[in-house]
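In our numbering, the protein residues as written are 6 to 451.
Built from N, CA and C at the ideal position, the CB exists for glycine as well.
Have a look at the structure below before the remarks.
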Amino acid sequence: MTYLFHRSLNNTPPAIVGGLGINLWDSAGNTYIDASGGAAVSCLGHGHPAVIAAIKKQVDEIAYAHTGFFTSEPAEKLAANLVQSAPNGLNHVLLVSGGSEAVEAAIKMARQYYIEKGYPQRYNIIARKQSYHGNTLGALATGGNIPRRENFLPLLIQTHHIDPCFYFRYSYDQEDEACYAERAARSLENKILELGPETVMAFVAETVVGATSGAVPAVLDYFKKIREICDRYGILLILDEVMCGMGRTGYQWAFEAEGIQPDICTIAKGLGGGYQPIGAVIATDEIYDAMKLGSGSFQHGHTYMAHPTAAAAALAVQETIQRENLLSAVKERGDYFAQMLRNSLEDLDCVGDIRGRGLLWGVELVQNKKDGNRPFSPSVNLATKLKKTAFKNGLIIYPNSGTINGRDGDHILLAPPFIISHNEIDNVIAILKNSIKETMMDIDNV
Ligand code: PMP
């Protein structure tokens with residue numbers, strides 16, 4: 006008997022009781038390798054002593070105080086730490102409790118910015134198909150992933166979706182990456198012109214698309230073109246780095262690899278590494294000043310904003326990453342991870358694409374790569390089956406099953422903790438390969 010809402014209302018998952026490094030164990034004594042860091046959260050792995058000590062110290066001093074009355078040292082230090090690692094101009098941090106909350110706040114910030122500037126007619130949001138920006142109403146409406154939206158249609162907020170930048174699935178035959186980048190970016194301009202530039206507020210995109218497309222980085226120069234288009238029409242660029250930010254791609258901010266910067270950026274998962282629920286929005290002087298000189302506040306508040314204990318945990322996570330130089334470790338281990346994934350899975354006909362950046366990798370499953378990369382029917386539920394098989398084999402991977410439009414097939418996401426060793430990587434890939442083979446045999450036998 007359970008009184009708790011679980012992900013599946015017909016199934017109670019095992020109870021987690023412990024974890025250390027990249028390993029977890031449940032109450033029945035089963036052990037698991039956390040190769041997806043939950044959902045790309047646990048960047049430092051589990052049981053990190055420096056983070057635990059910081060949380061204990063903060064709880065001893067003061068666990069919580071409301072931002073309507075107080076600021077706190079850990080929140081101030083965390084904001085300063087984030088600003089120091091961000092490019093010039095991104096100088097203002099709002100601390101919230103998670104990714105969806107960060108996206109909601111980012112959208113409202115863009116809206117308030119235009120109201121303060123005297124352009125209230127700018128309210129349209131453009132985002133991309135197959136994206137995920139969270140599960141609260143505004144964030145859900147912004148995301149373009151069909152399975153997560155369809156049960157709730159019509160959504161309360163109208164948004165507009167253009168094609169993603171997803172070369173593997175959306176490029177034409179023989180189209181080179183440069184032409185594709187141009188075409189994919191032009192779809193933003195077309196949509197802006199269709200809606201009327203004076204009505205568009207923001208373009209929202211994941212810098213590296215995570216949960217619903219499987220670690221898809223944009224092709225070279227796509228984001229430069231996007232930035233130019235946003236600037237041409239005075240539209241804010243909001244990059245959602247809830248999953249791909251905070252070192253996951255080997256860069257503190259994933260957009261650094263694109264040679265551009267956004268007006269607003271959201272982060273969450275790797276910020277607190279799962280030790281406490283926390284997310285953040287970072288915004289430019291231009292946006293902050295419009296509100297400061299206008300109404301004098303950002304009209305937005307949550308009870309747990311800038312939570313001192315959550316901020317202390319996140320500060321310890323970020324300081325550990327910096328002290329231990331883990332960004333270069335992500336780059337080096339990420340290269341090894343990619344090379345081993347490619348070497349090992351190359352001979353499987355069902356592996357159509359392996360893509361990613363840093364320690365964020367996606368493996369896309371297809372019927373037969375020699376036969377045109379056709380995805381499996383969504384009714385096979387392949388990625389979820391693979392997740393279950395891998396879990397039984399002691400490996401945690403994050404699945405996403407395809408949709409009827411036939412373009413987003415099944416994939417699994419790998420996002421191990423930054424501390425993973427080469428031996429551990431070898432082990433993850435060996436279990437993954439066996440689990441893929443086992444799952445394919447099971448579906449062949451149905
Ligand atoms: N944006 C992105 C890019 C995400 O990956 C996620 C979570 N998967 C969210 C927003 C929502 O974050 P949360 O689950 O913390 O609300």
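Using a Cβ-Cβ cutoff of less than 8 angstroms, which residues in the same chain neighbour residue i once the five nearest sequence positions on both sides are dropped?
| i | result |
| --- | --- |
| Ile-60 | Tyr-280, Gln-281, Thr-314, Ala-317, Ala-318 and Ala-321 |
| Gly-26 | Gly-50, His-51, Gly-52, Pro-422 and Ile-424 |
| Thr-76 | Ala-311 |
| Leu-391 | Leu-370, Ile-402, Pro-404, Asp-415, Ile-417, Ser-440, Ile-441 and Thr-444 |
| Gly-252 | Cys-48, Gly-275, Ile-326, Leu-331, Leu-332, Val-335, Gly-363 and Phe-423 |
| Leu-200 | Asn-129, Ile-131 and His-165 |
| Ile-430 | Arg-338, Tyr-341, Phe-342, Met-345 and Pro-421 |
| Asp-447 | Lys-390 and Thr-394 |
| His-427 | Arg-338 and Tyr-341 |
Might you give, ordered along the chain, the residues of its own chain that have their beta carbon closer than 7 angstroms to the beta carbon of residue i, omitting 5 neighbours on each side?
| i | result |
| --- | --- |
| Val-22 | Trp-30, Asp-31 and Ser-32 |
| Ala-40 | Leu-400, Ile-401, Ile-402, Leu-419, Pro-421 and Val-433 |
| Arg-116 | Tyr-128 and Met-206 |
| Tyr-309 | Ser-102 |
| Thr-17 | Thr-7 and His-11 |
| Val-385 | Ile-448 |
| Leu-350 | Val-356, Ile-359, Val-368 and Lys-438 |
| Arg-379 | Val-371 and Gln-372 |
| Val-224 | Cys-170, Tyr-172, Glu-182, Tyr-185 and Ala-186 |
| Leu-87 | Val-98, Ala-285 and Ile-287 |
| Leu-244 | Ala-210, Thr-212, Phe-260, Pro-267 and Cys-270 |
| Gln-63 | Pro-79, Pro-313, Thr-314 and Ala-317 |
State the start and end residues of the unbroken alpha helix (DSSP H) segment that holds residue i.
| i | result |
| --- | --- |
| Asp-294 | 290-298 |
| Arg-328 | 313-328 |
| Gly-43 | 42-45 |
| Val-56 | 54-66 |
| Asn-439 | 427-449 |
| Phe-182 | A small correction: the amino acid at residue 182 is Glu; Phe does not occupy that position in the sequence shown. Run containing Glu-182: 182-200, per the alpha helix (DSSP H) assignment. |
| Glu-121 | 104-121 |
| Thr-389 | 387-397 |
| Asp-340 | 331-350 |
| Gly-143 | 142-147 |
| Tyr-172 | 172-175 |
| Leu-158 | Note, Leu-158: premise wrong, no alpha helix (DSSP H); not H, not E. |
| Asn-16 | Per DSSP, Asn-16 belongs to no alpha helix (DSSP H) and is neither H nor E. |
| Asn-86 | 78-90 |
Terminal residues of the continuous beta strand (DSSP E) containing residue i?
| i | result |
| --- | --- |
| Tyr-403 | 403-405 |
| Met-206 | 205-211 |
| Ala-132 | 129-133 |
| Val-356 | 356-362 |
| Ile-272 | 269-272 |
| Glu-369 | 365-370 |
| Leu-467 | There is no way to answer for residue 467, as the model of the chain reaches only from 6 to 451. |
| Asn-150 | Taken as a continuous stretch (DSSP letters only), Asn-150 belongs to no beta strand (DSSP E), as it is neither H nor E. |
| Leu-95 | 95-101 |
| Thr-36 | 36-39 |
| His-166 | 165-167 |
| Leu-29 | 28-31 |
| Asp-415 | 415-419 |
If you drop the 5 nearest sequence neighbours on each side, which residues of the same chain put their C-beta closer than 6 angstroms to that of residue i?
| i | result |
| --- | --- |
| Gly-103 | Ala-273, Pro-282 and Gly-284 |
| Asn-398 | Ile-436 and Ser-440 |
| Pro-169 | Arg-133, Lys-134 and Gln-135 |
| Ile-197 | Val-205 and Tyr-238 |
| Thr-217 | Gln-135, Tyr-137, Asn-150 and Asn-405 |
| Lys-230 | Ala-190 |
| Ala-262 | Tyr-256 |
Between the options, which has its C-alpha nearest residue i's C-alpha?
| i | options | result |
| --- | --- | --- |
| Glu-106 | Leu-87, Ala-144, Val-221 and Ala-84 | Ala-144 |
| Thr-325 | Thr-308, Gly-275 and Asp-354 | Gly-275 |
| Thr-164 | Tyr-238, Ala-146, Glu-180 and Pro-152 | Ala-146 |
| Leu-158 | Leu-142, Phe-173, Ile-167 and Asp-168 | Leu-142 |
| Asp-452 | Glu-194, Ala-216, Gly-250 and Phe-260 | There is simply no residue 452 to check, as the chain begins at 6 and stops at 451 in what is shown. |
| Asp-92 | Lys-113, Pro-380 and Pro-267 | Note that residue 92 is Pro in the sequence shown, not Asp. When each option's Cα is compared against that of Pro-92, the closest is Pro-267. |
| Leu-100 | Glu-81, Gly-301, Glu-180 and Lys-196 | Glu-81 |
| Gln-257 | Ala-216, Asp-226, Thr-212 and Ala-223 | Thr-212 |
| Asp-226 | Val-88, Gly-264 and Asn-86 | Gly-264 |
| Tyr-137 | Gly-277, Gly-215 and Lys-438 | Gly-215 |
| Ile-234 | Tyr-119, Arg-191 and Ile-167 | Arg-191 |
| Ala-44 | Leu-365, Leu-387 and Phe-303 | Leu-365 |
| Gly-219 | Arg-153, Pro-202, Gly-377 and Gly-361 | Gly-361 |
| Tyr-293 | Ala-388, Asn-96, Ala-20 and Ile-67 | Asn-96 |
| Tyr-118 | Asp-290, His-307 and Asp-352 | Asp-290 |
Taking CB distances under 9 angstroms as the criterion, tell me whether residue i reaches chain B.
| i | result |
| --- | --- |
| Arg-127 | In the displayed structure, chain B is absent; only one protein chain is listed. |
* Could you give the uninterrupted runs of the beta strand (DSSP E) lying entirely in the segment 220-259, keeping only those of 3 residues or more? -> 241-246
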